[in-house]
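In UniProt numbering, the protein residues as written are 1 to 548.
Even glycine gets a Cβ: it sits at the ideal position worked out from N, Cα and C.
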Ligand code: SF4
């Protein structure tokens, strides 16, 4: 007999809460949220100063060690000698060395020589001469002993530097144009806005418990020198036809899993209002950001779900209580500017941008840089979001001598296209999440390619990551290399990479495609990149970029 009963209508399933505070979900939904609720992570500083620095590594409470320490720039470092195959199989404590990575935030990337020398001295004295330049304008030390941390803070803070909120679920370092105030192309100097945000909000407990990290960028340079398309929030110099120079606002960019490009709010903000608008947007993230799943706890997911119109509406009605001024889309540069090379400043002096290989720097080297810079009449340098250094305020007569002296230190103002456009993350040497080696491999790859394809006449960006995270922005490179274990020709598991091809930032921004068949072992890497490059050079139309 045919079934004639009417099926019982299903009740709509209650939507699971995402842990959004503004919707009433104040109870922690995971261990990270619980830890932040149990104790404001900024409080860990007192315990480091009063307890851990005296009693040593073994005395550290695990919830501080693998959680709250980050708010003061400290991550446990990978124990030496553990291969990538064990990364996912060991417990965190089995991977922990009893030393730390320590990140120094350099908001806007600006360093005077006293600061540069302090950073260098800490490296040689406490960090086994490590001082990598990160792609967020930070300096990152390794081998830090918790017993030395209070002294390091004292030294850094005595020259106006800090490690506060350098990591953790909070507002991280604010990227800024390395050539702020001196570039002839700059629309407006963004440094006052960076300084105001840093002094008002960094360390403010109103923002020390965000759903996850929050990446900011402020640059008055129109050349996207702070990679605005992959920050949570970015203010980029733009001229309003009636109101003049100010900033175009972008929100919701980010990489790692589910990479998304930032979207324009379509609003123009004058410099005096940048801190207030920044506060409104970070407040939206704090209040409405998803806190249930760490993988979805970035602003980009909220922007994607709401849409940019609703995001602007909420910002205006609930946080600013006023309308923002509309702005049509400004021109987007072909690719982000890296400031490498010799460039004239707006005051007639010059700045000199130099490339190491993949940001690998030492304290000894930074000391020598300080001496060379001073000897050539400059008093300041800047770090860049491309793992480069810029020497500012150089008289024309000093330029060539400075370029030569820096080249002797391995820092090149006229580098090969390979050296200029290759980046690498921390990798297995120190990072607990890493599966493969990155830094030395990147250095070797650059040297090899400089020999094999010395006349490369166009930039090909190579970004090397040690794991599926994207600290070195693999999705946005021409050749993105994601570290994983692969099989070699004998069928043995070895360190290698999944290749992503054709990513870009700027005018043709988009994420590289994962080419399933393209997995290379570390040993095959130079051959692979050479083959790919020669194929592109032979087949390109005259102005076709690699990403096309
Ligand atoms: Fe570590 Fe992975 Fe980030 Fe590299 S990409 S620094 S290996 S987490």
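Is residue i helix, strand or coil by DSSP?
i: residue 547; result: coil
i: residue 505; result: coil
i: residue 463; result: strand
i: residue 344; result: strand
i: residue 515; result: strand
i: residue 430; result: coil
i: residue 50; result: helix
i: residue 112; result: strand
i: residue 37; result: helix
i: residue 498; result: strand
i: residue 20; result: coil
i: residue 124; result: helix
i: residue 402; result: helix
i: residue 335; result: coil
i: residue 424; result: strand
i: residue 562; result: Because the chain in this structure spans residues 1 to 548, residue 562 falls outside the shown range and cannot be described.
i: residue 475; result: helix
i: residue 521; result: strand
i: residue 542; result: coil
i: residue 133; result: strand
Tell me the rounded alpha-carbon separation between residue i and residue j.
i: residue 446; j: residue 334; result: 24 Å
i: residue 405; j: residue 417; result: 20 Å
i: residue 257; j: residue 514; result: 13 Å
i: residue 493; j: residue 78; result: 21 Å
i: residue 496; j: residue 143; result: 26 Å
i: residue 42; j: residue 72; result: 7 Å
i: residue 512; j: residue 482; result: 11 Å
i: residue 219; j: residue 271; result: 11 Å
i: residue 187; j: residue 347; result: 15 Å
i: residue 70; j: residue 100; result: 10 Å
i: residue 537; j: residue 463; result: 20 Å
i: residue 103; j: residue 146; result: 14 Å
i: residue 303; j: residue 291; result: 15 Å
i: residue 52; j: residue 60; result: 6 Å
i: residue 499; j: residue 47; result: 44 Å
i: residue 466; j: residue 473; result: 11 Å
i: residue 540; j: residue 453; result: 16 Å
i: residue 363; j: residue 19; result: 43 Å
i: residue 14; j: residue 152; result: Note on residue 14: pLDDT 43, under 50, position unreliable in the model; the coordinate value appears next. Cα to Cα, residue 14 sits roughly 51 Å from residue 152.
i: residue 261; j: residue 380; result: 33 Å
i: residue 554; j: residue 546; result: The requested residue 554 is not part of the displayed model; the chain covers only 1 to 548.
i: residue 297; j: residue 212; result: 6 Å
i: residue 389; j: residue 338; result: 10 Å
i: residue 549; j: residue 529; result: One cannot answer for residue 549 here, as it falls past the ends of the chain, which runs 1 to 548.
i: residue 214; j: residue 397; result: 43 Å
i: residue 117; j: residue 520; result: 41 Å
i: residue 50; j: residue 393; result: 43 Å
i: residue 435; j: residue 222; result: 37 Å
i: residue 6; j: residue 25; result: Reliability fails at residue 6, whose pLDDT of 47 lies under 50, so the model's placement of it is uncertain and no value is given.
i: residue 373; j: residue 402; result: 7 Å
i: residue 229; j: residue 266; result: 14 Å
i: residue 443; j: residue 425; result: 12 Å
i: residue 340; j: residue 411; result: 10 Å
Would you give the residue range spanned by the alpha helix (DSSP H) that residue i belongs to?
i: residue 152; result: 149-158
i: residue 443; result: 439-452
i: residue 373; result: 363-375
i: residue 529; result: 525-539
i: residue 417; result: 417-420
Grab the span of the beta strand (DSSP E) containing residue i for me, first residue to last.
i: residue 380; result: 380-383
i: residue 387; result: Counting along the chain, residue 387 falls outside any beta strand (DSSP E), and DSSP gives it neither H nor E.
i: residue 480; result: 479-487
i: residue 355; result: 350-355
i: residue 140; result: 139-144
For the region 55-108, which segments carrying the alpha helix (DSSP H) assignment without a break, of at least 4 residues, lie completely within its bounds, in sequence order?
62-65 and 92-95
Of all the beta strand (DSSP E) runs that stay within the bounds of the UniProt domain "Nitrite/sulphite reductase 4Fe-4S" (167-322), which reach a length of 3 or more residues?
Taking only runs of at least 3 residues, the beta strand (DSSP E) segments lying wholly in the UniProt domain "Nitrite/sulphite reductase 4Fe-4S" (167-322) are 171-176, 214-219, 233-240, 244-251 and 263-269.
Taking any heavy atom of ligand 1 as the mark, which residues have a C-beta closer than 5 Å to it, listed down the chain?
425, 426, 431, 433, 434, 465, 466, 467, 469 and 471
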